[in-house]
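Take any residue in the sequence shown, note its place counting from 1, add 134, and you have its number in my numbering. Cβ atoms here follow ideal geometry from the backbone N, Cα and C, with glycine treated the same way. The block underneath contains the structure these notes are about, expressed in structure tokens.
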Amino acid sequence: MTSVRGDDPDRSGIDEREATTWTRAESQPPGAGGGVPVEAVDEPDSASGTPWWKETLLLVGTALILALLIKTFFVQAFYIPSGSMENTLEVNDRILVQKVSYWFGSPQRGDIVVFDDPANWLGEEDGTQPSNPVTKALSFVGLYPSGGHLVKRVIGVGGDHVRCHDGVVSVNRVELRESSYVTLADNECIGIWRVVVPADHLWVLGDNRDNSADSRAHMGDPGGGYIPVDDVVGKAFVTVWPIDRWRFFHRPATFDNPALNTAIGVVGGTFPLGAFLVLLPTVYRRASVGPEDVESADRTPR
Numbered sequence: 135m136t137s138v139r140g141d142d143p144d145r146s147g148i149d150e151r152e153a154t155t156w157t158r159a160e161s162q163p164p165g166a167g168g169g170v171p172v173e174a175v176d177e178p179d180s181a182s183g184t185p186w187w188k189e190t191l192l193l194v195g196t197a198l199i200l201a202l203l204i205k206t207f208f209v210q211a212f213y214i215p216s217g218s219m220e221n222t223l224e225v226n227d228r229i230l231v232q233k234v235s236y237w238f239g240s241p242q243r244g245d246i247v248v249f250d251d252p253a254n255w256l257g258e259e260d261g262t263q264p265s266n267p268v269t270k271a272l273s274f275v276g277l278y279p280s281g282g283h284l285v286k287r288v289i290g291v292g293g294d295h296v297r298c299h300d301g302v303v304s305v306n307r308v309e310l311r312e313s314s315y316v317t318l319a320d321n322e323c324i325g326i327w328r329v330v331v332p333a334d335h336l337w338v339l340g341d342n343r344d345n346s347a348d349s350r351a352h353m354g355d356p357g358g359g360y361i362p363v364d365d366v367v368g369k370a371f372v373t374v375w376p377i378d379r380w381r382f383f384h385r386p387a388t389f390d391n392p393a394l395n396t397a398i399g400v401v402g403g404t405f406p407l408g409a410f411l412v413l414l415p416t417v418y419r420r421a422s423v424g425p426e427d428v429e430s431a432d433r434t435p436r
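Printed below as a string of structure tokens:
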């Protein structure tokens, strides 16, 4: 019999009797008498030890939460149900609306905005919404283009004087050059009207001026046709479907005219300074004499 020596690195400190017992126990099949008992261990469904169905639910739940967060704070998809913005937006176009621009600011003149229906305007335009539970659920989390909103172009912001005269729209007495986006290039507005946009509101028009139930059509309504800024969902920035209509939207150059911001403010903004300059000599004279002198000066016959 071969003995196991103490200097054997694998069997150091084990005598012959112990080594024989150890060898027998190791070599016997499970369940054999004298062998080492082996318990059955279930193999995990995956390397992480998590069942596949739990992983699937976790992934789907995470995706839905991310989609809802993206829709709420960043980007939302919409489709165009009417021709009020032709030819900028066509019927059945799919657009993306970003909300980042208005985190720390308000809509600007020339922006194409999507907004909630302020006063049942959708009764005059097609406000079709997703019709079955699946599309409604996808729309809720932002994975399907939403309906039930309106899309128009901002023409006037709070404080602006917007006017239509001789077929031309003017803002703060500055005529807009709208031929680059208005369908009716030779007649950019119809009729004669003039409004002053309240603070925190917008005056909006459709690019298809002859077929758009926009602010003009609701001037007699309780809201006066003005859109509260708080009702704005976001700013349209790209058409994503159909593929051949893929394009980004930019603010038309006519709205970059600095005169739009100063035409009305010239009188109102400079009047206090002008009045101060006119009264400055009198203020200085009164400040440089004593009370007795002021009284006597007031009694000096003219």
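Next on the checklist: Within the continuous beta strand (DSSP E) that includes residue 373, where are the two ends?
Outcome noted: 366 to 375
Next on the checklist: What ranges does the beta strand (DSSP E) occupy inside the region 309 to 361, keeping only unbroken runs of at least 3 residues that lie completely in it?
Outcome noted: 327 to 330 and 335 to 339
Checklist entry - Under the three-state reduction of DSSP, which class applies to residue 195: helix, strand or coil? => result Residue 195 carries a helical assignment under DSSP once its states are collapsed to helix, strand and coil.
Next on the checklist: Can you tell me whether residue 212 is buried or exposed? The criterion is at least 16 other CB atoms within 10 Å of its CB, across all chains shown.
Outcome noted: buried
Next on the checklist: Going by C-alpha to C-alpha distance, which of 378, 377, 371 and 380 sits closest to residue 244?
Outcome noted: 371
Checklist entry - What residues in its chain sit with their C-beta under 8 Å from that of residue 236, if we drop five residues either side in the sequence? => result 366, 368 and 369
Checklist entry - Which of the three DSSP states, helix, strand or coil, is assigned to residue 429? => result Bear in mind that a pLDDT of 33 at residue 429, under 50, signals an unreliable position, so the model cannot answer this.
Item to check | For residue 231, the nearest candidate out of 246, 332, 240 and 339 (CA to CA) | outcome: 246
Checklist entry - Comparing alpha-carbon positions, which option in 220, 194, 186 and 215 lies nearest residue 345? => result For the residues 220, 194, 186 and 215, the minimum Cα distance to residue 345 belongs to 220.
Checklist entry - Cβ atoms of residue 357 and residue 331: under 8 Å apart, would you say? => result no
Item to check | Rounded C-alpha distance that separates residue 296 from residue 286 | outcome: 16 Å
Item to check | Within 8 Å, strictly: CB atoms of residue 241 and residue 291 | outcome: yes
Item to check | Contact under 8 Å by Cβ, residue 305 with residue 289 | outcome: In this structure, residue 289 lies closer than 8 Å to residue 305 by Cβ.
Item to check | Bridge partners - residue 286, DSSP secondary structure assignment | outcome: 247, per the DSSP bridge assignment.
Next on the checklist: Check this for me: beta carbons of residue 341 and residue 317, under 8 Å apart or not?
Outcome noted: yes
Checklist entry - Which whole-angstrom value is the C-beta distance of residue 391 and residue 308, which I expect to be below 8 Å? => result 6 Å
Item to check | Three-state secondary structure assigned by DSSP to residue 214 | outcome: coil
Item to check | Proximity below 8 Å, CB of residue 314 to CB of residue 386 | outcome: yes
Checklist entry - In terms of alpha-carbon separation, which member of 379, 396, 303 and 254 lies closest to residue 329? => result 303
Next on the checklist: If contacts are defined as beta-carbon pairs under 8 Å, then residue 336 and residue 360 qualify, I think. What distance do you get, rounded to the angstrom?
Outcome noted: 7 Å
Item to check | Residues near residue 379 by beta carbon distance below 8 Å, same chain, minus five either side | outcome: Cβ neighbours of residue 379 beyond the five flanking positions: 224, 227 and 373.
Next on the checklist: My assumption, with CB atoms under 8 Å, is that residue 250 sits in contact with residue 283. Please give the rounded CB distance.
Outcome noted: 6 Å
Checklist entry - How many whole angstroms separate the CB atoms of residue 208 and residue 188, which I take to be in contact at a CB cut-off of 8 Å? => result That pair is no contact at about 29 Å.
Checklist entry - What residue does the beta strand (DSSP E) around residue 394 start on, and which one ends it? => result Segment 393 to 396 is the alpha helix (DSSP H) holding residue 394; no beta strand (DSSP E) there.
Item to check | Candidates 194, 205, 218 and 384: closest to residue 256 by CA position | outcome: 218
Item to check | Residue environment, residue 215, which counts as buried when at least 16 other CB atoms sit within 10 Å | outcome: With at least 16 other beta carbons inside 10 angstroms of its own, residue 215 counts as buried.
Checklist entry - Count the other CB atoms within 10 Å of the CB of residue 352; is the residue buried (16 or more) or exposed (fewer)? => result buried
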